[in-house]
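So the protein lines, in turn, are chains A and B. Every letter in the first sequence is one number past the one before it in UniProt numbering, and letter 120, counting from 1, is 120. Every letter in the second sequence is one number past the one before it in UniProt numbering, and letter 189, counting from 1, is 189. Don't be surprised by glycine CBs; every beta carbon is placed ideally from N, CA and C. Read through the structure below, which is laid out as structure tokens, and then see the notes.
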Amino acid sequence: MASSSSSSSTQVKKITLKAADGKHFEVEEPVAMEMETVKSFFVGNEDAMKDMVVPLLNVSSEHMPAILDFYRNHSEFRKRTPPPPAEEVKAFNEAFLENKSDEQLMEMIMAANFLNTKELLNFLTEAAANRIKNKSVEYVRAFFGIENDFTPEEEARIRAENEWAFDGLDED
Amino acid sequence: MSYIPSDLIEDILSRLPVKDLCRFSPTTKECETIQEEIVQGHVICELIGFGYVESIDDYKIVKLPWTETGGSRSEEVKVYSLKNRKWKSITSYFDSGFGFEGHGISAYVNGAIHFVVYYREDNKNEGNEYQTVIVAFDLVEDKLKALPPPDFMLTEAYRYCEPSAEVGHLGGCLCVLNQTDSRIELWIMKEYGVAASWTKLFITDELPPLCYLNNNQTHLVIVQPNKLMVWDSEDGLKQVEVTCIDGHWKIENLYMESLVSPNSIIMPSSTKKMKRQKTNSC
């Protein structure tokens, strides 16, 4: 009896992450380890350091709940047998992006880049690409916050070179 | 909005179709002005090459000036590195320097810029003798090397006429155009640096190719006034109808596009799409 200790270890270890503005987030270890930046923090110091707070200097607390939600759900999708139906994953992803402004999306891309997680970064950059696909130059300038440094004559000339690419665009 | 690193913008743009990228190309006009290197003596002509090397993330310009003070030969190579923002001089691989055609064309292949150059050896009895060499300027090592020439460059007949070979880039390989009075041959070096891999691709009596298009079916374009022809290995030569231009036309210049901004070489900056000018004689 004394030998069966497996049932008592159901308590999942938690790691504390600290967002740029100082707010703390308790995260289950497997979820936190999805982020390469967090993982590399512990490499070589596995046991001794687990109680430490991991500072995430480039991630604001505003986006942390959504990012953690993405990791929790996607790691659950991966573990499940049989795998979840594609519609379920799609529905989650769509709901995830709903009500996110372009600015919020770009901030999350930079956070995902800092956290060094391919899955989230791929998902978000694909979403950003979809938002500018078939849009006008003006729309894309505003999207990336680029100032127009062309004179109207210069721009007209370059536009004429690629005239075909300006046909049949979506409305901004 | 906060500053977005250029690699993230590239990541997003790389997911878009070509049509979108063509439309967004006039989004910025980033460019870099480079101060001309002053060369001692009167420059008779010069060869210029340009290339971007991913492994060292740098754009380089290579210049072989042929000056009067160099005894009518080019003795040193000038290299500009966009990363270091300066020119440097490199002594030529050839002890006595070399000459070249005034309209010399360069080809960027395999991290090196290639030129066709020649020695002129004054032979008292038989007039001028030429030895033609294909030189490669390695942009990583900043070194000039000689490549093994195709067979025709070694023939006896070739030694007594001014060389008229030109290098090009076709499907990732270096190629050389051999123009004689009666015909034009295209040779390709299938395995870089290997003499035995030189293969004769085709012979034509049309004008020499204007440019090499390196897409899936590698082919090249030949232009005569009012006539545009393309060649590929399957269909050979065929003429392309140009209906959008009235009257007489010809093509003067070509350029290649790159997504690597000259300004990002030192520090990352915002979105980019630069055009690089490629000199070409027509």
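Where residue i sits in the DSSP three-state scheme
i             : result
residue 130/A : helix
residue 215/A : With chain A running from 1 to 172 in the structure shown, residue 215/A is simply not present.
residue 135/A : coil
residue 154/A : helix
residue 40/A  : helix
residue 87/A  : helix
residue 189/B : strand
residue 160/A : helix
residue 52/A  : coil
residue 140/B : coil
residue 23/A  : coil
residue 62/A  : coil
Residue-level contact to chain B via CB, residue i, 7 angstroms cutoff
i             : result
residue 59/A  : no
residue 151/A : no
residue 53/A  : no
residue 62/A  : no
residue 165/A : yes
residue 171/A : no
residue 76/A  : no
residue 127/A : no
residue 43/A  : no
residue 39/A  : no
residue 162/A : yes
residue 79/A  : no
Alpha carbon of residue i to alpha carbon of residue j, nearest angstrom
i             : j             : result
residue 141/A : residue 132/A : 10 angstroms
residue 171/A : residue 134/A : 9 angstroms
residue 172/B : residue 162/A : 27 angstroms
residue 120/A : residue 56/B  : 30 angstroms
residue 186/B : residue 144/B : 24 angstroms
residue 16/A  : residue 117/A : 18 angstroms
residue 91/B  : residue 178/B : 29 angstroms
residue 47/B  : residue 107/B : 11 angstroms
residue 103/A : residue 4/B   : 11 angstroms
residue 19/B  : residue 181/B : 44 angstroms
Contact with chain A by residue i, beta-carbon distance below 7 angstroms
i             : result
residue 11/B  : yes
residue 242/B : no
residue 143/B : no
Closer than 6 angstroms: residue i CB and nearest the ligand PLP heavy atom
i             : result
residue 167/B : Among the components of this structure there are no ligands whatsoever, and the ligand PLP is therefore not found.
Taking a Cβ distance cut-off of 9 angstroms, strictly less, list which residues of the segment 83–117 of chain A are near chain B, in chain order. 102, 103, 106, 107, 109, 110 and 113
At least three beta-carbon pairs within less than 8 angstroms, the segment 151–162 of chain A to the segment 121–131 of chain A: no
Determine, using beta-carbon pairs with one atom in the segment 79–93 of chain B and one in the segment 8–26 of chain B, whether at least three such pairs fall under 8 angstroms. no
Beta carbons nearer than 9 angstroms to chain B: which residues of the segment 9–36 of chain A have them? none
Determine contact between the segment 63–74 of chain A and the segment 15–28 of chain A, defined as no fewer than three beta-carbon pairs at a distance below 8 angstroms. yes
Counting Cβ pairs, one atom from each stretch, are 3 or more of them under 8 angstroms apart for the segment 52–61 of chain A and the segment 82–96 of chain A? no
Within the chosen definition, does the segment 30–47 of chain B reach the segment 6–19 of chain B through at least 3 CB pairs nearer than 8 angstroms? no
Segment contact, 8 angstroms Cβ cut-off, at least three pairs: the segment 82–101 of chain A with the segment 111–119 of chain A: no
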